[in-house]
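From first to last, the protein sequence lines are chains Z and X. Per this note's numbering, the first sequence starts with residue 1, numbered consecutively. Per this note's numbering, the second sequence starts with residue 1001, numbered consecutively. Every residue gets a Cβ at the ideal spot worked out from N, C-alpha and C, and that includes glycine. Since we're looking at a predicted model, the values are computed, not measured.
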Amino acid sequence: MEIQQFKYDNKIVKYFIIATVIFGLVGMLVGLLIATQLFLPELNLGLQYTTFGRIRPLHTNAVIFAFVGNAMFAGVYYSMQRLLKTRMFSDMLSWIHFWGWQLIIVAAAITLPLGITTSKEYAELEWPIDIAITLIWVVFGINMIGTILKRRERHMYVAIWFYIATFVTVAVLHVVNSFEMPVTLFKSYSWYAGVQDALVQWWYGHNAVAFFLTTPFLGLMYYFLPKAANRPVYSYKLSIIHFWSLIFIYIWAGPHHLLYTSLPNWAQSLGVVFSVMLIAPSWGGMLNGLLTLRGAWDRVREDPVLKFMVVAVTAYGMSTLEGPLLSIKNVNAIAHFTDWIIAHVHIGGLGWNGFLIFGILYWLIPRMWGTKLWSTKLANVHFWLGTLGIIVYALPMYAAGVTQSLMWKDFNAEGFLEYPNFLETVTQIIPMYMMRAIGGLLYLVGAIMMTYNLVKTAKQGSFMANEDAEAPALEKKNIIGGYWHNRLERKPVFFTVLVLVAILIGGIVEMVPTFLIKSNVPTIASVEPYTPLELHGRDLYIREGCVSCHSQMVRPFRSETVRYNGEYSKAGEFVYDHPFLWGSKRTGPDLHRIGGKYNHAWHYQHMLDPTITSPGSIMPPYPWLYTQTINLDKTAGKINALRKVGVPYERGYETTANEDLMQQAREIASGLSADGFDTPPEAEIVAMIAYLQRLGTDIKVSPTAQR
Amino acid sequence: MFKHYFEQVNNVAIWPIISLTIFFVFFLGLVIYVTRIRKDYIKHMEDLPLRDGIDEQNSFTNKIKNS
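Structure below.
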């Protein structure tokens, strides 16, 4: 058999690693900044661009897509070449992928602080960037499939399956969730409304966790853990079962983000069942990882790489046990909207993703630069700082979540809420917020140490951009025999199609009935589209990221209908909400029934300085809403776009909409003026007040629901 | 909008049951397959990450070809 000489491309791996480290530090720093703003709101520096609502998505996007994303690509490009015994399919595609991805990250870093956002979590970027993401993702996919097709190893190792599943599923998720109707270059409305938008968003959101933060990292685990431990994976058979069960079941679990909301009950139950089932494949993966170290545990004591990996896999196990438990409805009733969820995601993010990345980097850099790690001692210090950081981060968040939830639900002997003022439940947990920031700081300091250590390591070695390798050519002949899975691993394209089928089943079963059946979203006759002024206000609400801290979903609990003075939220109330703004966290109170609760003057003062109306509030002030004015030229475009996605504005309304808008604005402005607050009717604050006063009031008019 | 195309689908509950059945059957098949898998194939696959340079790769493929 002919032995072929070729070279592995290490340069692309190096660049992805550099991007990983830089964006990792930036993402964590922004995380630390917003964590600190929760007890020191002044740290927004008085600027709209650095206020919590705008930079919270910057943090999540930076750590997910820039830090974890670049690390994923580095690991995939390194391991894939070696597992398939070939160079990547095309160097040009590799570099288009690299620079394209970095440009997308830069675009995100610019647009998000400017308030250019769709408001859908982890999918905040506006439509031109969405298109760019799609193109670059396809480049990555072509490069990957091309590499698989020109491989010199007949069979695809389990890590490659996970990479394929990642590519296919993220593509489907991103495209489906990003259907939006452009208004301008930097503004669009989600194609879906209300309940349907929520279902699509959390099908996406949950599976972004599954297929961006989990499956590629399981692939990396299956490659790098055996490498670092220098022994094969515990059970390859288990990995086959693990892979197929995981991708099949994961895709169903999205609705557990919407328990007790207006989502149809059958969809909620479906989400719960599949979420609980997820324990099995997740733990299969965790045990497979940990048991790979059987007989090598003595090395875990000395090798920082293995230490990081062991904690990473353990964190994965804990997180994937916690997730299904949180999906059970009565646990969710306590945990949802609280800091418990923040703790949960950070066990996964800091523990599983972060520590696996650190482990891989400590292993990879000395090898790629042909040297030893500069300081094992410093790496060990990083390990302990990081571990301590995770604990100091997570424990206070668990305590905060449970404390606040119990306070929300506490009734006194007379049958009244024990803590009727939401703010009381916030000030109670501020010490926890401080401790959480310390935890985050420890973790960041560890990452800075790692950066120094890795730079020193690289400096003492010499980098080999193209690493020599050789392997026998793969014979083109058809091979008959082997069981079906063996055959499958020889047919990458067919394999990819099967993966697609497995993940589509879940998505289709969940979504098609919700979209098709009218009875799933009972319509309410009194619910009407937003007025033009309210529409402008709603877009400001989206721009400022209010949804980061305020939900618009009163769950059907007595503690919530009493606290939020009204009915629980009905599906039919959201039919004109493009996008939905239900939120996922209550750092402040729910706002779905805020309309009419306070007068205009209250809102005016509250947003100018929240501590005037609510002493001790940690909400930042929004003074720019008082000096900036809404752009009336955009009204017609907004109305047209919304009409196209199904909101019943009359034909031609866009030409007269601004008259209605000004009339409503003048009414609010004169109301404010009567209370001594003079404001021009075009000021943004007027539109914001109009929107807030409208919220949840439709069904108060005439509560006649029809099926 | 496409949400109005269809007004009725009967028995929504049948959807998840069908899917669960598909998954269960698939899962059973997977387990049966995995228990019958050849040892030399597993050995070959397990060792893939540990072999970066020249090796006896494709030996398993040759074996099944010759068998």
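Look at the alpha carbon of residue i and the alpha carbon of residue j, and state the distance between them as a whole number of angstroms.
i, j, result
"I1054/X", "Q5/Z", "Residue placement at I1054/X is flagged as unreliable, the pLDDT there being 40, under the threshold of 50; the coordinate-derived value follows with that caveat. One C-alpha to the other measures close to 10 Å."
"H336/Z", "K585/Z", "7 Å"
"D298/Z", "P304/Z", "12 Å"
"I438/Z", "L423/Z", "23 Å"
"L632/Z", "D91/Z", "49 Å"
"L93/Z", "L321/Z", "39 Å"
"W202/Z", "T169/Z", "14 Å"
"K1063/X", "R1036/X", "The pLDDT assigned to K1063/X is 45, lower than 50, so where the model puts this residue is not dependable; a value taken from the coordinates is nonetheless given after this. Rounded to the nearest angstrom, the two C-alpha atoms are 17 Å apart."
"A35/Z", "A62/Z", "15 Å"
"I1017/X", "L270/Z", "10 Å"
"V499/Z", "N288/Z", "22 Å"
"P703/Z", "I104/Z", "Caution applies to P703/Z, whose pLDDT of 44 falls short of 50 and renders its modelled position unreliable; the value that the coordinates give is listed next. Their backbone Cα atoms lie some 46 Å apart in a straight line."
"G31/Z", "R56/Z", "7 Å"
"F1024/X", "S282/Z", "17 Å"
"I709/Z", "T523/Z", "Nothing about residue 709/Z can be read from this structure; chain Z reaches only from 1 to 707."
"V445/Z", "A601/Z", "45 Å"
"M511/Z", "I505/Z", "10 Å"
"F224/Z", "L692/Z", "51 Å"
"Q196/Z", "A471/Z", "52 Å"
"V233/Z", "Y204/Z", "31 Å"
"A210/Z", "S319/Z", "12 Å"
"T314/Z", "A343/Z", "15 Å"
"S569/Z", "P529/Z", "17 Å"
"P366/Z", "W374/Z", "8 Å"
"S239/Z", "L290/Z", "13 Å"
"G24/Z", "L1048/X", "30 Å"
DSSP puts residue i in a beta bridge; with which residues?
i, result
"Q5/Z", "E470/Z"
"S190/Z", "E180/Z"
"K237/Z", "Per DSSP, none; premise fails for K237/Z."
"K585/Z", "F337/Z"
"A683/Z", "T629/Z"
Since residue i and residue j should fall inside the 8 Å C-beta cutoff, what is the C-beta to C-beta distance between them, to a whole number of angstroms?
i, j, result
"F73/Z", "F16/Z", "5 Å"
"T427/Z", "Y419/Z", "Wrong, their Cβ atoms sit about 10 Å apart, outside the cutoff."
"A253/Z", "S327/Z", "7 Å"
"M221/Z", "I249/Z", "About 19 Å separates the two Cβ atoms, so there is no contact after all."
"V729/Z", "L454/Z", "In the structure as shown, chain Z begins at 1 and stops at 707. Residue 729/Z is therefore absent and cannot be evaluated."
"V183/Z", "G637/Z", "5 Å"
"M553/Z", "T261/Z", "5 Å"
"I360/Z", "G75/Z", "6 Å"
"M368/Z", "F463/Z", "6 Å"
Does chain Z have any CB closer than 8 Å to the CB of residue i?
i, result
"I1037/X", "yes"
"D1040/X", "no"
"V1025/X", "no"
"L1030/X", "yes"
"N1058/X", "In this prediction, N1058/X scores a pLDDT of 42, lower than 50, which makes its location untrustworthy; the coordinate-derived value is nonetheless stated afterwards. Judged by the 8 Å Cβ criterion, N1058/X is in contact with chain Z."
Of all Cβ atoms in chain A, is any one closer than 8 Å to the Cβ of residue i?
i, result
"I1014/X", "This model lacks chain A altogether; the protein chains it does include are Z and X."
Does any residue of chain X bring its CB to less than 8 Å from the CB of residue i?
i, result
"P232/Z", "yes"
"F557/Z", "no"
"W408/Z", "no"
"V499/Z", "no"
"K573/Z", "Per the sequence presented here, residue 573/Z reads as Glu, with Lys not at that position. Not one chain X Cβ lies under 8 Å of E573/Z."
"W244/Z", "yes"
"L270/Z", "yes"
"I240/Z", "yes"
"Y316/Z", "no"
"E528/Z", "no"
"K329/Z", "no"
"I365/Z", "no"
"P492/Z", "no"
"H155/Z", "yes"
"V509/Z", "yes"
Can you tell me whether residue i sits near the ligand GTP, meaning its C-beta is under 7 Å from at least one heavy atom of the ligand?
i, result
"V499/Z", "By its list of ligands, the structure shown contains no ligand whatsoever, and the ligand GTP lies outside what it can speak to."
| Ranges of the alpha helix (DSSP H) found wholly within the region 29-92 of chain Z, counting only runs of at least 4 | 52-61 and 69-84
| task | Can you check the region 603-672 of chain Z for any alpha helix (DSSP H) of at least 4 residues that lies completely inside it and give the ranges in chain order? | result | 610-613, 624-627 and 635-644
| Which ranges would you report for the alpha helix (DSSP H) in the region 411-473 of chain Z if only whole runs of at least 4 residues count? | 422-427 and 430-460
| query | Can you list the beta strand (DSSP E) stretches of 3 or more residues lying completely in the region 152-177 of chain Z, in chain order? | reply | none
| message | In chain order, what are the residue ranges of uninterrupted beta strand (DSSP E) at least 3 long that sit wholly in the region 210-269 of chain Z? | response | none
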